[in-house]
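Chemist: Protein chains in written order, with the numbering used here: chain A, 2 to 197; chain B, 2 to 197.
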DNA sequence: GTCCTGCATTGACCTAGGTTAAGATCGTTC
DNA sequence: GAACGATCTTAACCTAGGTCAATGCAGGAC
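1. Identify which residue in B:40, B:34 and B:4 has its Cα closest to the Cα of residue 23 of chain B.
2. Suppose you measure from the CA of residue 151 of chain A to the CA of residue 176 of chain A; what does that come to, to the nearest Å?
3. Look at residue 97 of chain B and residue 62 of chain B and say whether their C-beta atoms are less than 8 angstroms apart.
4. Rank A:160, A:16, A:34 and A:41 by C-alpha distance to the C-alpha of residue 140 of chain A and give the top, closest one.
5. Is there at least one Cβ from chain A nearer than 8 angstroms to residue 121 of chain B's Cβ?
6. Determine whether the Cβ of residue 143 of chain B lies closer than 8 angstroms to any Cβ atom of chain A.
7. Please report how far the alpha carbon of residue 26 of chain A lies from the alpha carbon of residue 129 of chain A, in whole angstroms.
8. Between the C-alpha atoms of residue 56 of chain A and residue 32 of chain B, what's the straight-line distance to the nearest angstrom?
9. Excluding the five sequence neighbours on either side, which residues of its own chain have a C-beta within less than 8 angstroms of the C-beta of residue 45 of chain A, listed in chain order?
10. Going along the stretch 53 to 71 of chain A in order, which residues come within less than 7 angstroms of chain B, judged by CB to CB distance?
11. Counting only Cβ pairs nearer than 7 angstroms, list the residues of chain A close to residue 178 of chain B.
12. Grouping DSSP H, G and I as helix and E and B as strand, with all else coil, what is residue 81 of chain B?
13. Check whether the Cβ atoms of residue 15 of chain B and residue 126 of chain B lie closer than 8 angstroms to each other.
14. Report the residue from B:137, B:77 and B:119 whose alpha carbon sits nearest the alpha carbon of residue 10 of chain B.
15. Does residue 170 of chain A pass the burial test, meaning 16 or more other C-beta atoms within 10 Å, or should it be called exposed?
16. Determine which residues share a DSSP beta bridge with residue 49 of chain B and list them.
17. What residues from chain B crowd round residue 118 of chain A, counting only those whose CB sits closer than 8 angstroms?
18. Return the residue from the list B:192, B:145 and B:12 that minimises the CA-CA distance to residue 64 of chain A.
19. What three-state label does DSSP hand residue 18 of chain A in the structure shown?
20. Counting only runs that start and end within the stretch 103 to 153 of chain A, where is the beta strand (DSSP E) found for 3 or more residues in a row?
21. Could you tell me which of A:104, A:124 and A:103 sits nearest to residue 113 of chain A, measuring between CA atoms?
22. Taking only three categories from DSSP, how would you classify residue 97 of chain B?
23. Going by DSSP, name the residue or residues bridged to residue 187 of chain B.
24. Does chain B have any CB closer than 8 angstroms to the CB of residue 138 of chain A?
25. For the alpha helix (DSSP H) containing residue 209 of chain A, name the first residue and the last one.
26. Mark residue 189 of chain B as exposed unless 16 or more other C-beta atoms lie within 10 angstroms of its C-beta, in which case mark it buried.
27. Is it true that the CB of residue 59 of chain B sits closer than 8 angstroms to the CB of residue 74 of chain B?
28. For the beta strand (DSSP E) that contains residue 33 of chain B, what are its first and last residues?
29. Inspect the beta-carbon positions of residue 72 of chain B and residue 135 of chain A and report whether they are closer than 8 angstroms.
30. What does residue 164 of chain B touch in chain A if you count any residue whose Cβ is under 7 angstroms from its own?
31. Along the beta strand (DSSP E) that carries residue 73 of chain B, what are the first and last residues, could you check?
32. Out of A:174, A:181 and A:155, which has the shortest C-alpha to C-alpha gap to residue 191 of chain A?
33. Check for me: the beta strand (DSSP E) holding residue 60 of chain B runs from which residue to which?
34. Indicate whether at least one CB of chain B lies closer than 8 angstroms to the CB of residue 89 of chain A.
Next comes the structure, spelled out in structure tokens:
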């Protein structure tokens with residue numbers, strides 16, 4: 002089984018022992034998703050945590066006016082799941098979609114629990130992921146409360162420089178909480194400040 | 002030691018065994034904070050997780066124009082900490098302040114790790130807290146992206162009806178991401194819609 | 001090639017909410 | 001009770017960003 006990307010990540014980044022990594026890789030499936038394919042839809046229960054070996058995922062919601070709102074992007078080496086749904090067993094209100102042809106490793110929620118029970122290193126590893134997630138969400142909220150659109154865009158660029166070229170601009174706008182037109186204007190104003 | 006509020010919470014809400022609860026209560030201190038007292042300031046490392054036995058805490062940041070932005074409130078039976086700081090060992094950029102005279106139980110970060118290692122029930126308990134936190138943050142982001150101010154206010158009322166009377170209105174406005182004047186207007190418009 | 005379809009940009013106009021400044025209403029302190 | 005500070009409200013005005021509609025470009029698909 003070609004689980005190399007995931008194995009490499011687990012080996013290099015986490016304090017996991019060989020046995021733990023082996024067990025994790027054994028219990029998780031892998032699947033290719035084509036660009037545009039949907040991994041999770043509203044109304045479904047999210048059964049997996051997705052690890053992105055190759056490609057790019059996004060999570061978004063649809064408001065009552067039919068407008069999309071991007072909650073997260075997940076490029077290579079990121080995990081994505083709807084924890085509201087997978088952990089609490091509720092029906093999700095989000096979409097998760099592949100933005101590129103992607104190689105995804107799927108970890109079932111119950112396996113996570115099993116692994117945590119049996120491997121202390123894995124519990125720690127999971128703990129770290131959760132804290133990382135919380136840190137990101139908290140920073141994002143603080144930015145949404147404190148920063149005007151241009152600041153948020155600048156922060157996005159410096160935090161995710163690679164996404165800038167992989168993701169259409171209107172999705173970045175959506176992530177920032179503004180319209181595509183709004184982002185276009187922000188960019189124009191930034192540019193006009195430079196060619197004096 | 003009068004740790005009754007915390008003990009009662011742990012006993013009723015979590016799948017913890019007596020030994021685990023005993024251990025947790027033994028290792029955590031408790032302290033009274035007067036209204037207005039600050040538990041954490043920017044630049045400090047957050048050493049504790051705070052459990053609110055009585056009273057009310059808030060976490061907020063200060064932007065470069067000197068404006069406050071409320072990230073969270075924590076009334077009775079809630080936990081509060083700056084996980085960005087306590088878990089990752091960074092200096093905090095937030096304040097945590099008591100909004101009322103409060104009885105707080107303090108759990109040191111290292112004790113949490115110890116407890117997680119030694120008591121599987123506690124690891125699960127902690128895991129649940131983290132997921133809950135993530136759920137809240139995610140819902141808040143989605144609301145900030147999707148909802149106009151009035152919607153956000155209505156959601157706040159239905160989620161935290163008690164805070165409505167315990168927290169000054171300008172702090173609620175700050176939590177919602179608008180100015181006090183803005184919230185005042187929203188309320189007026191809501192009211193005017195009812196006395197036709 | 002031509003015809004799509006999706007994305008980015010622009011400009012004119014609009015609106016939700018920010019800003020400023022002035023009261024109104026309090027609970028506190030002396 | 002007078003004086004004070006904090007909170008909330010109101011009103012006039014302002015601005016960041018939304019809305020709408022038009023235009024310009026790419027790639028594909030054929």
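Even glycine gets a Cβ: it sits at the ideal position worked out from N, Cα and C.
Modeler: Reading from the atomic positions:
1. The residue you call residue 23 of chain B lines up with position 22 of the second chain. Residue B:4 is the option with its Cα nearest to residue 23 of chain B.
2. Position 150 of the first chain holds residue 151 of chain A. Position 175 of the first chain holds residue 176 of chain A. Taking the straight line joining both Cα atoms gives about 13 angstroms.
3. Along the second chain, one-based indexing puts residue 97 of chain B at 96. Along the second chain, one-based indexing puts residue 62 of chain B at 61. No, Cβ-Cβ distance for residue 97 of chain B and residue 62 of chain B is not below 8 angstroms.
4. Residue numbering aside, residue 140 of chain A sits at position 139 when the first chain is read from its first letter. In terms of Cα proximity to residue 140 of chain A, the closest of A:160, A:16, A:34 and A:41 is A:160.
5. Position 120 of the second chain, counted from the start, is the residue given in the question as residue 121 of chain B. For residue 121 of chain B, the answer is yes, since a Cβ of chain A falls inside 8 angstroms of its Cβ.
6. Here residue 143 of chain B refers to the residue found at position 142 of the second chain. Interface residue, yes.
7. Reading the first chain from its first residue, position 25 is the one you call residue 26 of chain A. Reading the first chain from its first residue, position 128 is the one you call residue 129 of chain A. When rounded, the distance between both Cα atoms is 19 angstroms.
8. As a working note, residue 56 of chain A is residue 55 in the first chain. As a working note, residue 32 of chain B is residue 31 in the second chain. So the alpha carbons of these two residues sit roughly 50 angstroms apart.
9. Taking the first chain and counting its residues from 1, the one referred to as residue 45 of chain A is at position 44. Cβ within range, chain order: 86, 92 and 93.
10. 62, 64 and 70
11. Counted from its first residue, the second chain places residue 178 of chain B at position 177. Those within 7 angstroms of residue 178 of chain B in chain A are 145 and 146.
12. By one-based count along the second chain, residue 81 of chain B stands at place 80. DSSP places residue 81 of chain B in strand when its eight states are reduced to three.
13. Translated into the one-based positions of the second chain, residue 15 of chain B becomes position 14. Translated into the one-based positions of the second chain, residue 126 of chain B becomes position 125. Cβ atoms of residue 15 of chain B and residue 126 of chain B: closer than 8 angstroms.
14. As a first step, residue 10 of chain B must be located in the second chain, where it is residue number 9. It is B:77.
15. For the purposes of this step, residue 170 of chain A is taken as the residue at position 169 of the first chain. With fewer than 16 Cβ atoms within 10 Å of its Cβ, residue 170 of chain A is classed as exposed.
16. Mapped onto the second chain, residue 49 of chain B falls at position 48. BP columns for residue 49 of chain B point to B:109.
17. Taking the first residue of the first chain as position 1, residue 118 of chain A is located at position 117. In chain order: 121.
18. Counted from its first residue, the first chain places residue 64 of chain A at position 63. Among B:192, B:145 and B:12, the Cα nearest to that of residue 64 of chain A is on B:145.
19. Walking along the first chain from the start, residue 18 of chain A turns up at place 17. In the three-state reduction of the DSSP assignment, residue 18 of chain A falls in the coil class.
20. Taken in chain order, the complete beta strand (DSSP E) segments of 3 residues or longer contained in the stretch 103 to 153 of chain A are 103 to 109.
21. Position 112 of the first chain holds residue 113 of chain A. Residue 113 of chain A has its Cα closest to that of A:124, out of A:104, A:124 and A:103.
22. Your numbering for residue 97 of chain B matches position 96 in the second chain. Here residue 97 of chain B sits in strand by DSSP.
23. Stepping through the second chain from its first residue, residue 187 of chain B is reached at position 186. None; residue 187 of chain B has no bridge partner.
24. Taking the first chain and counting its residues from 1, the one referred to as residue 138 of chain A is at position 137. Taking Cβ atoms only, chain B reaches closer than 8 angstroms to residue 138 of chain A, which makes this a yes.
25. Nothing can be reported for residue 209 of chain A: it is not among the residues displayed for chain A, which extend from 2 to 197.
26. To locate residue 189 of chain B, count along the second chain from 1; it is residue 188. By the neighbour-count rule (16 or more Cβ atoms within 10 Å), residue 189 of chain B is not buried but exposed.
27. Your numbering for residue 74 of chain B matches position 73 in the second chain. Your numbering for residue 59 of chain B matches position 58 in the second chain. Closer than 8 angstroms, so yes.
28. Within the second chain, numbered from 1, the residue matching residue 33 of chain B stands at position 32. From DSSP, the beta strand (DSSP E) with residue 33 of chain B extends over 30 to 34.
29. Reading the second chain from its first residue, position 71 is the one you call residue 72 of chain B. Reading the first chain from its first residue, position 134 is the one you call residue 135 of chain A. Contact: no.
30. Stepping through the second chain from its first residue, residue 164 of chain B is reached at position 163. Chain A residues near residue 164 of chain B: none, gap ~17 angstroms exceeds 7 angstroms.
31. Indexing the second chain from 1 puts residue 73 of chain B at position 72. Unbroken beta strand (DSSP E) run through residue 73 of chain B: 69 to 76.
32. Your numbering for residue 191 of chain A matches position 190 in the first chain. Ranking the options by Cα distance to residue 191 of chain A, first place goes to A:155.
33. Locating residue 60 of chain B in the second chain gives position 59, counting from the first residue. Its beta strand (DSSP E) spans residues 57 to 63.
34. Locating residue 89 of chain A in the first chain gives position 88, where the first residue counts as 1. Yes, residue 89 of chain A counts as interfacial toward chain B.
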